[in-house]
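Engineer: Residue 0 is where the sequence shown starts when you use numbering that gives the first Met the number 0, and the numbers rise one by one after that.
Note that the Cβ used here is the ideal one computed from N, Cα and C, for glycine as well.
From a predicted model like this one, the values you see are computed outputs, not experimental measurements.
Sharing a structure here in structure tokens format.
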Amino acid sequence: MRTVRRLLYRDILSSFALVMAGFLALFFFLDFIDDLDRFQRLGLGLGLAVWSSVLKLPGRFYELMPIAVLIGTIFSMARLAQSSEFTILRTGGLGPQRALGLLSVMALGFAVLAFVVGDFVNPWADRQAQLLKSTASGGVTNAQGAWMKDRIGDFNYAVHVGRARSNGTMEDVLVFEFDSKGAMATRLTAKSATVDATGRWQMNDVRLTQWSRVATPLSQPAANAPQPKDPAAAQDKLSENPAIHEILLPRFDWQSQLPAGVVSAAVQPTWNMSTLELYRYTRHLSSQEQSSAQPEIQFWRKAFYPFACMVMVALALPFAYLHFRSGGISVKVFGGIMLGISFVVLNAITGHLGLLRDWTPWLVASAPSLLYLGISMAAFYWLVRYR
């Protein structure tokens with residue numbers, strides 16, 4: 000059985016590697032042409048364009064993995080069936096259950112590989128790619144502005160980040176503080192800010208405006224904040240309305256419940272986040288009574304994505320039990336590939352429909368995989384039983 004396992008695994012892995020190499024070469028060329036044009040407009044060299052395209056390869060690998068697994072496994076199974084090698088293996092004692100068990104182990108390996116690439120390699124490569132692009136464009140990333148909510152005791156907060164830089168610095172930060180009655184108590188504007196993993200915000204060039212003399216979680220630390228060297232800038236500036244109290248500070252620290260991971264998730268695309276980061280982000284949105292449908296669907300799709308590789312292997316298994324005649328292998332392999340593409344399309348459609356119809360997120364993410372797994376197992380049973 001060790002020899003059979005080695006034969007199957009080596010054949011499937013070589014086919015998968017060949018298909019994936021072809022896909023990656025194609026997308027690398029397309030990305031390189033696009034990056035070369037953009038970097039040349041910025042007056043940068045060829046090497047940066049190549050490196051930018053290389054950093055996109057883990058993301059391409061992750062996106063293409065289910066299709067590459069399907070095509071590679073179908074090609075391997077169909078070739079073994081056409082050359083009668085699989086028939087010989089069946090005659091030698093490779094029963095349906097044992098064949099299913101062998102391919103299940105292979106499918107599990109593909110699922111683990113997809114998880115590692117999607118949760119560790121791709122996020123790191125995406126951060127490096129964003130850093131490279133931001134360096135080329137003057138330090139500003141593609142991160143867009145975002146609104147976030149927070150709650151400390153009886154006070155609610157609305158936080159807006161205008162822009163994010165590659166070094167983690169946020170610009171044009173705006174914080175509104177509301178009391179238990181919903182009235183605005185404090186408004187804070189900062190030219191720049193950084194946040195750590197504990198949720199501590201360090202803001203620079205701060206303008207703090209209070210609508211009440213009562214100390215609040217946002218205004219209370221102002222008394223201990225470092226004062227500017229100019230005494231005139233340190234004194235309170237009263238507007239025409241004596242109820243408004245305004246302070247200018249060079250630096251201000253605020254302890255919130257918005258850690259760096261949540262802020263990063265709010266301003267960056269969710270697809271390149273890890274499963275754990277998506278989970279924390281959805282939990283934060285739920286705790287703040289914000290709409291979490293889209294990131295929650297994305298979380299469950301990310302969690303079930305490795306399972307899609309197992310479904311692709313299951314779809315390919317019945318091809319080993321087909322009887323191919325001369326010229327018939329191409330049509331049947333093409334049909335299997337189209338079946339896999341339909342799975343990818345259905346997976347994308349259900350995600351959008353689930354968001355529009357407010358369906359259960361985990362069911363939206365798992366339904367296509369379970370449906371096609373059932374189809375593959377039914378086809379496998381029918382071929383073994385009646386063919």
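With DSSP run on the structure shown, which of helix, strand or coil describes W381?
Structural biologist: The residue you call residue 381 lines up with position 382 of the sequence shown. Residue state, collapsed to three classes: helix.
Engineer: Quick one, which of D149, A98, L63, V312 has its alpha-carbon nearest F18's?
Structural biologist: Numbered from its first residue, the sequence shown carries residue 18 at position 19. Reading off the sequence, residue 18 comes out as Val, not Phe. Here the closest residue by C-alpha is L63.
Engineer: In the segment 279-333, which residue ranges form an unbroken alpha helix (DSSP H) of at least 4 residues, counting only runs that do not cross its ends?
Structural biologist: Correct list: 292-315.
Engineer: With a cut-off of 8 angstroms on the beta carbons, I'd call K301 and T281 a contact; round off their distance for me.
Structural biologist: For the purposes of this step, residue 301 is taken as residue 302 along the sequence shown, with counting starting at 1. For the purposes of this step, residue 281 is taken as residue 282 along the sequence shown, with counting starting at 1. Not confirmed; about 11 angstroms, so no contact.
Engineer: For V172, list the residues DSSP reports as bridge partners.
Structural biologist: Mapped onto the sequence shown, residue 172 falls at position 173. Looking at the DSSP assignment, V172 forms a beta bridge with V160, A189.
Engineer: Tell me whether T2 sits in a helix, a strand or coil according to DSSP, three-state version.
Structural biologist: Along the sequence shown, read from residue 1 onward, the residue named residue 2 stands at position 3. It is helical.
Engineer: Report the option in W50, T215, G21, M105 whose CA atom is closest to the CA atom of L316.
Structural biologist: The residue given as residue 316 occupies position 317 in the sequence shown. Among W50, T215, G21, M105, the Cα nearest to that of L316 belongs to M105.
Engineer: Mind checking N166: buried by the 16 CB within 10 Å criterion, or exposed?
Structural biologist: For this step, residue 166 is matched to residue 167 along the sequence shown. The residue in question, N166, is exposed, as its Cβ has fewer than 16 Cβ neighbours within 10 Å.
Engineer: Tell me, to the nearest whole angstrom, how far the beta carbon of S75 is from that of I11; I am working on the premise that it is less than 8 angstroms.
Structural biologist: By one-based count along the sequence shown, residue 75 stands at place 76. By one-based count along the sequence shown, residue 11 stands at place 12. Their Cβ separation, rounded to whole angstroms, is 5 angstroms, which keeps S75 and I11 in contact under 8 angstroms.
Engineer: Between W146, P305, V343, which lies nearest to A264 when the distance is taken from Cα to Cα?
Structural biologist: By one-based count along the sequence shown, residue 264 stands at place 265. A264 has its Cα closest to that of W146, out of W146, P305, V343.
Engineer: Per DSSP, which one or two residues make a beta bridge with D252?
Structural biologist: Translated into the one-based positions of the sequence shown, residue 252 becomes position 253. Answer is Q201.
Engineer: So does the segment 105-118 actually touch the segment 292-311, counting three or more Cβ pairs closer than 8 angstroms?
Structural biologist: Cβ pair count under 8 angstroms is three or more, so yes.
Engineer: Tell me whether Q267 sits in a helix, a strand or coil according to DSSP, three-state version.
Structural biologist: Taking the first residue of the sequence shown as 1, we reach residue 267 at position 268. Coil at Q267, not helix or strand.
Engineer: To which residues of the same chain is L47 closer than 6 angstroms at the C-beta, ignoring the five residues directly before and after it?
Structural biologist: Here residue 47 corresponds to residue number 48 of the sequence shown, with the count starting at 1. For L47, where only same-chain residues beyond five positions count, the Cβ hits under 6 angstroms are F38.
Engineer: Counting pairs of Cβ atoms below 8 angstroms between the segment 290-301 and the segment 358-371, do you hit three or more?
Structural biologist: In short, these stretches touch, since the Cβ pair count reaches three.
Engineer: Going by DSSP, name the residue or residues bridged to T208.
Structural biologist: As a position in the sequence shown, residue 208 is number 209, starting the count at 1. Paired residues: R186, E245.
Engineer: When you compare each of V194, I151, K132 to V160 by their alpha carbons, which one comes out closest?
Structural biologist: Position 161 of the sequence shown, counting from 1, holds the residue named residue 160. Checked all of V194, I151, K132; the closest Cα to V160 is V194.
Engineer: With distances taken between CB atoms, is the gap from G58 to N121 smaller than 9 angstroms?
Structural biologist: Numbered from 1 along the sequence shown, position 59 holds the residue referred to as residue 58. Numbered from 1 along the sequence shown, position 122 holds the residue referred to as residue 121. In this structure, N121 lies closer than 9 angstroms to G58 by Cβ.
Engineer: Check this for me: beta carbons of W200 and S255, under 9 angstroms apart or not?
Structural biologist: Start at 1 with the first residue of the sequence shown, and residue 200 comes out as number 201. Start at 1 with the first residue of the sequence shown, and residue 255 comes out as number 256. Yes, the pair counts as a contact, with Cβ atoms nearer than the cut-off.
Engineer: So I151 packs on L207, CB below 8 angstroms; how close in whole Å?
Structural biologist: Taking the sequence shown and counting its residues from 1, the one referred to as residue 151 is at position 152. Taking the sequence shown and counting its residues from 1, the one referred to as residue 207 is at position 208. 16 angstroms between Cβ atoms; not a contact.
Engineer: Within the same chain, show all residues whose beta-carbon is closer than 7 angstroms to that of L101, passing over the 5 residues directly before and after it, in chain order.
Structural biologist: For the purposes of this step, residue 101 is taken as residue 102 along the sequence shown, with counting starting at 1. Cβ within range, chain order: R4, L7.
Engineer: Can you list, in chain order, the residues of its chain whose CB lies under 6 angstroms from that of V49, leaving out five sequence neighbours each side?
Structural biologist: In the sequence shown, counting from the first residue as 1, residue 49 sits at position 50. Cβ neighbours of V49 beyond the five flanking positions: none.
Engineer: Out of N346, G353, V310, which has the shortest C-alpha to C-alpha gap to A377?
Structural biologist: Locating residue 377 in the sequence shown gives position 378, counting from the first residue. Of N346, G353, V310, the residue nearest in Cα terms is V310.
Engineer: Throw me the rounded Cβ distance for the Q81 and I328 pair, which I believe falls under 8 angstroms.
Structural biologist: Along the sequence shown, read from residue 1 onward, the residue named residue 81 stands at position 82. Along the sequence shown, read from residue 1 onward, the residue named residue 328 stands at position 329. With 8 angstroms as the limit, Q81 and I328 qualify as a contact, their Cβ atoms being about 5 angstroms apart.
Engineer: Could you check the C-alpha separation between L387 and F379 for me, to the nearest Å?
Structural biologist: Because residue 387 is not part of the residues shown, which for the chain are 0 to 386, the question remains open.
Engineer: What distance in whole Å lies between the Cβ atoms of T215 and T188, which are believed to be in contact at a cut-off of 8 angstroms?
Structural biologist: Translated into positions along the sequence shown, residue 188 becomes position 189. Translated into positions along the sequence shown, residue 215 becomes position 216. Contact doesn't hold; Cβ gap of about 16 angstroms is too wide.
Engineer: Count the other CB atoms within 10 Å of the CB of T349; is the residue buried (16 or more) or exposed (fewer)?
Structural biologist: What you label residue 349 is simply residue 350 of the sequence shown in a count that begins at 1. Per the 10 Å Cβ criterion, buried.
Engineer: For D149, which residues from the same chain have a beta carbon less than 6 angstroms from its beta carbon, with the 5 sequence-adjacent residues on both sides left out?
Structural biologist: Within the sequence shown, numbered from 1, the residue matching residue 149 stands at position 150. Excluding residues within five positions, the ones whose Cβ falls inside 6 angstroms are Y156, S255, Q256, L257.
Engineer: Mark F60 as exposed unless 16 or more other C-beta atoms lie within 10 angstroms of its C-beta, in which case mark it buried.
Structural biologist: As a position in the sequence shown, residue 60 is number 61, starting the count at 1. Buried, because 16 or more other Cβ atoms sit within 10 Å of the Cβ of F60.
Engineer: Check the C-beta distance from L69 over to A319 and give it rounded, since I have them as a contact under 8 angstroms.
Structural biologist: Here residue 69 is taken as the residue at index 70 of the sequence shown, counted from 1. Here residue 319 is taken as the residue at index 320 of the sequence shown, counted from 1. Contact doesn't hold; Cβ gap of about 14 angstroms is too wide.
Engineer: Can you tell me which of the three DSSP states A196 falls into?
Structural biologist: Start at 1 with the first residue of the sequence shown, and residue 196 comes out as number 197. A196: coil per DSSP, three-state reduction.
Engineer: If I measure Cβ to Cβ from A77 and keep anything under 6 angstroms in the same chain, skipping five residues before and after, which residues do I get?
Structural biologist: One-based indexing of the sequence shown puts residue 77 at position 78. Result list for A77: F318, I328, V332, in chain order.
Engineer: In this structure, what does DSSP give as the bridge partners for W358?
Structural biologist: On the sequence shown, position 359 is the one that residue 358 refers to. None; W358 has no bridge partner.
Engineer: Using the rule of at least 16 other Cβ atoms within 10 Å of the residue's Cβ for burial, across every protein chain shown, is E176 buried or exposed?
Structural biologist: The residue given as residue 176 occupies position 177 in the sequence shown. Counting Cβ neighbours within 10 Å, E176 comes out buried, since at least 16 surround it.
Engineer: Suppose contacts are defined by Cβ-Cβ distances below 9 angstroms. Is K55 in contact with F22 by that definition?
Structural biologist: Mapped onto the sequence shown, residue 55 falls at position 56. Mapped onto the sequence shown, residue 22 falls at position 23. Not closer than 9 angstroms, so no.
Engineer: Identify whether D153 lies in helix, strand or coil by the three-state DSSP scheme.
Structural biologist: What you label residue 153 is simply residue 154 of the sequence shown in a count that begins at 1. D153 falls in the coil class under three-state DSSP.
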